[in-house]
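Here is the structure we will look at.
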Amino acid sequence: MNMGEEQRTLTVQYTQEWPGGAQGRILLPNSRRTLSNWRVEVQFPCPELNFSVWNAESDSSSGMMSHGLYVLRQTEGWMLNKDHIGFTVHRAPSCDFEANDIDARLVSM
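Residue numbers (my numbering): 425 to 533.
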């Protein structure tokens with residue numbers, strides 16, 4: 425986090441689970457609509473995974489992803505009308521975790 429940034433913890437939910445993976449959503453507060461510059465940072469407990477999203481775009485570098493960190497942004501108007509970011513995650517056998525082990529934060533400047 426940089427100086428002048430504020431963070432808010434977000435709720436992560438699984439909507440479906442299967443061996444080695446899950447589908448879920450990151451719930452977004454309505455208050456984000458009043459912010460001019462914000463992003464969602466998602467930190468997984470281990471980096472051995474594949475992570476795909478919808479209702480947002482990834483702005484993550486390969487270095488971030490190699491540490492299990494993903495930066496997401498809603499850039500299009502239609503995305504801003506969604507109250508969540510949907511995702512799928514496929515985990516390596518050595519990387520098993522639950523939804524509440526995922527640290528998701530709304531970061532605003």
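Quick reminder that beta carbons are idealized off the backbone N, C-alpha and C, glycines included.
Note that the structure is a prediction, hence the values are computed from the model and not measured.
Note: isoleucine 509 is bridge-paired with Ile450 in the DSSP secondary-structure output. Under the three-state reduction of DSSP output, serine 486 falls in the helix class.
In the DSSP assignment, serine 532 is bridged to Glu430, Trp462. The continuous beta strand (DSSP E) containing serine 476 extends over residues 473 to 478.
If you draw a straight line from the Cα of aspartate 527 to the Cα of glycine 510, it is about 15 Å long.
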